[in-house]
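Undergrad: Protein chains in written order, with our numbering: chain F, -2 to 112; chain L, 2 to 110.
All residues carry an ideal CB built from backbone N, CA and C; glycine is no exception.
Since we're looking at a predicted model, the values are computed, not measured.
Shown below is the structure under consideration.
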Amino acid sequence: EAGVAQSPRYKIIEKRQSVAFWCNPISGHATLYWYQQILGQGPKLLIQFQNNGVVDDSQLPKDRFSAERLKGVDSTLKIQPAKLEDSAVYLCASSLLPLSLSEAFFGQGTRLTVV
Amino acid sequence: GQQLNQSPQSMFIQEGEDVSMNCTSSSIFNTWLWYKQDPGEGPVLLIALYKAGELTSNGRLTAQFGITRKDSFLNISASIPSDVGIYFCAGQDGNKLVFGAGTILRVKS
């Protein structure tokens, strides 16, 4: 079974530029999550989708971050404009059912460096 | 917001030694999870604990869900070089996972 696919693996941009990350969850997984992992810290949830609807985006900095999952399958996370403190690994995860009912599987992440 | 305190921050042990790490929280969680993250990879679930007082094993790994529901520990017995990585505890609150800062494990062979 294919895992959670993310691209690109690495991205270096200058501050104030924009960037987008892509995630393709495990086939059939209804729930998709985006996490931000700053170096030396654990992952922090940014946004959770159930199919194509947002369940929780309370920790998403909405002035610069946006995410969508238009057809309820793959998803994109965008940062515009980027700040130095956005340097982190952005992890996508998916689960068959909402987290309280099943395990979430993580992708390899996209490492973003903002210079 | 909710925070988890994970300790120790890092460990450098001899191959064959046992390892113990723990996680505490000011909040109650109904589920505790332990993950391992290798360099350049996402976290992988090791053990999930669903009931206060529960003790669960997965091979050389043993984890316990504290009675107060505010803490958990993970033990690794007879460590081997491939145990190297970062271990995260996570408390589940509804549909949200709150992660600790991780314990970096290094093993000398």
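So, for residue 46 of chain L: in the same chain, excluding its five sequence neighbours on each side, which residues have a beta-carbon less than 8 Å away from its beta-carbon?
TA: Closer than 8 Å at the Cβ level, and outside the excluded window around residue 46 of chain L, lie 34, 35 and 36.
Undergrad: Per DSSP, which residues does residue 86 of chain L bridge with? Please list them.
TA: For residue 86 of chain L, which the question treats as bridged, DSSP gives the partners L/106.
Undergrad: How big is the Cα-Cα spacing for residue 106 of chain L and residue 86 of chain L?
TA: Near 5 Å, if we compare the C-alpha coordinates of residue 86 of chain L and residue 106 of chain L.
Undergrad: Using only CA atoms, which one of L/93, L/97 and L/88 lies nearest to residue 44 of chain L?
TA: The candidate whose alpha carbon is nearest that of residue 44 of chain L is L/88.
Undergrad: Are there 16 or more other CB atoms within 10 angstroms of the CB of residue 20 of chain L, so buried, or fewer, so exposed?
TA: Burial call: buried.
Undergrad: Going along chain L, which residues have a C-beta under 7 Å from residue 52 of chain F?
TA: Going along chain L in sequence order, the residues near residue 52 of chain F (Cβ under 7 Å) are 96.
Undergrad: Alpha carbon to alpha carbon, how far is residue 90 of chain F from residue 101 of chain F? Give it in angstroms, no decimals.
TA: Straight-line Cα distance between these residues: approximately 6 Å.
Undergrad: Just to confirm, are residue 22 of chain L and residue 75 of chain L a CB contact at a threshold of 9 Å?
TA: Contact flag set, yes.
Undergrad: Kindly say whether residue 101 of chain L, judged by its beta-carbon, lies nearer than 9 Å to any beta-carbon of chain F.
TA: Closer than 9 Å: yes.
Undergrad: Three or more C-beta pairs under 8 Å: does that hold for the segment 5 to 15 of chain F against the segment 34 to 46 of chain F?
TA: No contact exists between the segment 5 to 15 of chain F and the segment 34 to 46 of chain F.
Undergrad: According to a CB-to-CB cut-off of less than 8 Å, which residues of the segment 12 to 28 of chain L neighbour chain F?
TA: Taking 8 Å as the Cβ-Cβ cut-off against chain F, none of the residues of the segment 12 to 28 of chain L qualify.
Undergrad: So, for residue 61 of chain L: in the same chain, excluding its five sequence neighbours on each side, which residues have a beta-carbon less than 7 Å away from its beta-carbon?
TA: For residue 61 of chain L, where only same-chain residues beyond five positions count, the Cβ hits under 7 Å are 77, 78 and 79.
Undergrad: Using 9 Å as the limit for Cβ to Cβ distance, is residue 4 of chain F near chain L?
TA: Taking Cβ atoms only, chain L never reaches closer than 9 Å to residue 4 of chain F, which makes this a no.
Undergrad: According to the Cβ coordinates, are residue 109 of chain L and residue 42 of chain L closer than 9 Å?
TA: Not closer than 9 Å, so no.
Undergrad: Could you pull the start and end residues of the beta strand (DSSP E) that residue 72 of chain L belongs to?
TA: First-last of the beta strand (DSSP E) with residue 72 of chain L: 72 to 77.
Undergrad: Applying a beta-carbon distance threshold of less than 9 Å, which residues of chain L neighbour residue 88 of chain F?
TA: Chain L residues near residue 88 of chain F: 43 and 44.
Undergrad: Check this for me: beta carbons of residue 45 of chain F and residue 86 of chain F, under 9 Å apart or not?
TA: Contact flag unset, no.
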